[in-house]
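If you read the first sequence in our numbering, its first letter stands for residue 269, the second for the next number, and so on.
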Amino acid sequence: MLDIQLLRNDLDNVAARLASRGFALDTVEFARLEAERKKIQTLTQELQAKRNASSKQIGIAKSKGEDVSTIMAEIANLGDELKAAEDALSALQTPLNALLMSIPNTPHATVPVGKSEEDNVEVSRVGTPRSFDFPIKDHVELGEKLGLDFETATKIAGARFSLLRGNLARLHRALAQFMLDTHTLDHGYTEVYVPYLVNAESMRGTGQLPKFEEDLFHVPRTDAEKLYLIPTAEVPVTNMVRGEIVDSATLPLKFVAHTPCFRSEAGAYGRDTRGMIRQHQFDKVELVQLVKPEHSEATLESLTAHAEAILQALELPYRKMALCTKDMGFSAAKTYDLEVWLPAQNTYREISSCSNFEAFQTRRMQARFRNDSGKPELLHSVNGSGLAVGRTLVAILENHQQADGSIHIPAALQPYMRGMTHLSLTT
RNA sequence: GGAGAGAUGGCCGAGUGGUCGAAGGUACUCCCCUGCUAAGGGAGCGUAGGGUUUAUAGCCUUACCGAGGGUUCGAAUCCCUCUCUCUCCGCCA
């Protein structure tokens, strides 16, 4: 959510920045609603003040045993008037608030302006794609012999689910363990275990609701509030500080969580149907930091480097992309995508997305700290995948495949496999 | 799942229709006093909005006592729904 003060004071400039990411803000409609709001809110508050003063007088008079019928008569119509004003105000604030909640974040000044993902800018490229002296296979073909079973998963749950067996399942688990250990022990994050089902308020806090409900799985309940399956650990972890004023001495807060993620991928029917690139359920290790505003830019850089460290340790070639204005997510002010090399697709594919949300999420959830002058101030939130576990498994299979179809296990991962150096076909 | 009790400001804790945004205590901040890591005296100390304003200062004002609705001139206090916490019983990983 943007700062409504900013919209009031600098509407055209905000609209221009939003236009750069392809969002058309109806400034005329906004200004109209705002003018109406101001008029009616002032009126409502005046009536409320009048009611409060009169009620107080009645109280005083009654305590003295005086007659109150004169005052009562004076405000006989006040109730209806006030009710009408309050109704008009809320009838106005509902669309205004809905509009505010549906406006995406303004891009940071350093974000490249662009019209599609074609305009994303490559920031760096690390590692060299291997040259193979044998015909390479993709992860689906490699996985067939190693315990990757889509047919059974489809029988159990449906399309876009996967089932792993034996050492392949173990490698998947080892990847998550390795990532968690690296981020906690080397990068200073605190590991958290969190709920995988969250309420609507949490989804609003990080920006999934109200706009992207169709991308979420939810659990209906008869009496109680509807619960949603998390599409990323960002939701439960960031909402840890919702409504809190955190002690500034504890900043920055650095959390890492390994969770499954559930996405209905409503708009992606034809894409990546083969393999485990795009699934309804996948595991991810997520990095979340809550920092003082002046630190969020630098935090995005360091957090992205923490994710990159995993790719480097796993000997996976990748490139770092600065997303252009059009390609960024709803809540982000600036985003780097890390794209891993997938030899079978002969291209780089997203494996991590690291974003600075500035105060966009924390404003929605009123997550603050007390600044040096003692006033509560909104935190900034920064997060990123470190990394998507399923896609990392895909990358390991494809990049470290051998001529015989076995998979070389990167040295960093071997301790997590009790010294195993290869994933062999007999598993 | 059954029975009961509760939810008030950073914390503890009063307050069952009227001058309550909320006593008191404690913590914290500032000042005074005091020959010393203490005690005492005084003052301040919630959040989010709106209006005014050069102003995130001041002033005026609204809302907020778990959440949402309702009754009333007036609700922390009464009514309804929900959420959560605690105690006992049952069940269970």
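We put the beta carbon where it would ideally sit given N, CA and C, even for glycine.
Note that the structure is a prediction, hence the values are computed from the model and not measured.
Considering only the alpha carbon of each residue, which of the options lies closest to residue i?
i	options	result
Pro528	Gly511, Ser653 and Arg472	Ser653
Met596	Ser570, Val657 and Phe625	Phe625
Gln670	Ser564, Asn373, Gly543 and Pro611	Pro611
Phe628	Ile339, Val650 and His668	Val650
Asp271	Thr362, Asp515, Asn667 and Leu367	Leu367
Asn396	Asn614, Gln634 and Cys622	Reading the sequence as shown, one finds Thr at residue 396 and not Asn. Selected option, being the one with the closest Cα: Asn614.
Ala359	Ile675, Glu302 and Ala577	Glu302
Glu385	Thr603, Gly473, Pro488 and Leu432	Thr603
Ile664	Ile328, Lys405 and Ala299	Lys405
Glu390	Arg587, Met688 and Ser620	Arg587
Thr705	Leu655, Asp672, Ile371 and Phe400	The structure shown does not extend to residue 705, since the chain is modelled only from 269 through 695, so no value can be given for it.
Leu647	Pro363, Val559, His455 and Met269	Val559
Ala577	Ser620, Gly538, Ala600 and Val556	Ser620
Ala377	His668, Val394 and Ala600	Ala600
Met471	Arg489, Lys494 and Ile424	Lys494
Ala656	Ser692, Arg638, Thr630 and Leu606	Leu606
Met633	Arg539, Pro363 and Ala468	Ala468
Glu583	Leu568, Phe598, Glu562 and Val608	Val608
Thr660	Ile545, Thr458 and Val503	Ile545
Met508	Leu274, Ala299 and Thr630	Thr630
Arg617	Ala573, Gly658 and Glu342	Gly658
Ser532	Ala525, Pro499, Gly538 and Leu521	Pro499
Ser623	Val408, Asn373 and Gln273	Asn373
Gln309	Leu364, Val336 and Gly687	Leu364
Gln325	Glu645, Ala566 and Ile343	Ile343
Ser570	Gly434, His455, Thr362 and Phe298	His455
Got a sec, what are the start and stop residues for the alpha helix (DSSP H) residue i sits in?
i	result
Arg632	Phe628 to Met633
Ser564	Ser564 to Ala581
Gln445	Gly434 to Asp449
Glu385	Neither: Glu385 is in no alpha helix (DSSP H) and is coded neither H nor E.
Asn373	First-last for Asn373: undefined, no H or E at that position.
Arg319	Thr295 to Ser331
Asn277	Ile272 to Asn277
Ile343	Here Ile343 belongs to no alpha helix (DSSP H), and DSSP marks it neither H nor E.
Glu502	Glu502 to Thr506
Check the DSSP bridge columns for residue i and list the partner residues they point to.
i	result
Leu414	Note: Leu414 sits in no beta bridge, so no partner.
Tyr604	Ala590 and Cys622
Val487	Leu495
Leu610	Thr615
Phe598	DSSP, once it has assigned bridges, lists no residue as partnering Phe598.
Ile424	The partner list for Ile424 (beta bridge, DSSP) is empty, contrary to what the question assumes.
Phe523	Thr458 and Val556
Ile675	Gln669 and Leu691
Ser649	Leu558 and Glu626
Pro528	Asp551
What are the boundary residues of the beta strand (DSSP E) that residue i is part of?
i	result
Ala517	No beta strand (DSSP E) contains Ala517, which DSSP labels as neither H nor E.
Pro644	Pro644 to Leu646
Asn667	Counting along the chain, Asn667 falls outside any beta strand (DSSP E), though it belongs to the alpha helix (DSSP H) covering Val657 to Asn667.
Val559	Gln549 to Val559
Glu390	Val389 to Val394
Arg472	Taken as a continuous stretch (DSSP letters only), Arg472 belongs to no beta strand (DSSP E), being part of the alpha helix (DSSP H) at Ala468 to Thr474.
Phe637	Arg636 to Arg638
Less than 8 Å between the CB atoms is what I'm expecting for residue i and residue j, so what's the real figure, rounded?
i	j	result
Leu436	Leu414	5 Å
Gly473	Thr506	7 Å
Leu497	Phe485	4 Å
Val460	Ala525	5 Å
Thr572	Phe523	Thr572 to Phe523, Cβ: 16 Å. No contact.
Pro504	Pro561	Not a contact, Cβ separation roughly 23 Å.
Ala283	Leu274	Going by Cβ atoms, the distance from Ala283 to Leu274 rounds to 11 Å, so no, they are not a contact pair.
His563	Pro520	7 Å
Arg428	Gln547	5 Å
Asn639	Arg398	Incorrect: roughly 50 Å between the Cβ atoms, too far for contact.
Run the proximity test for residue i: is its beta-carbon closer than 7 Å to any non-hydrogen atom belonging to the ligand PLP?
i	result
Lys479	Looking at this structure, you won't find the ligand PLP or any other ligand, since it has none at all.
_Segment contact flag, the stretch 285-296 with the stretch 591-605, C-beta cutoff 8 Å, min 3 pairs_ = Yes, they touch.
*asked:* Counting beta carbon pairs with one atom in the stretch 550-568 and one in the stretch 431-450, are three or more of them shorter than 8 Å?
replied: Counting Cβ pairs under 8 Å, three or more are found: they touch.
*Inter-stretch contact (C-beta, 8 Å, three-pair minimum) for the stretch 444-453 and the stretch 469-484*: A contact between stretches requires three or more CB pairs, one per stretch, nearer than 8 Å, and the stretch 444-453 fails this requirement with the stretch 469-484.
_Validate contact between the stretch 315-334 and the stretch 343-351 using beta carbons, cut 8 Å, 3 pairs_ = Counting C-beta pairs with one atom in each stretch, the stretch 315-334 and the stretch 343-351 have three or more that are closer than 8 Å, which means they touch.
*asked:* Count Cβ pairs between the stretch 674-693 and the stretch 501-516 that sit closer than 8 Å; are there 3 or more?
replied: The stretch 674-693, when compared against the stretch 501-516, does not touch it at the 8 Å Cβ threshold.
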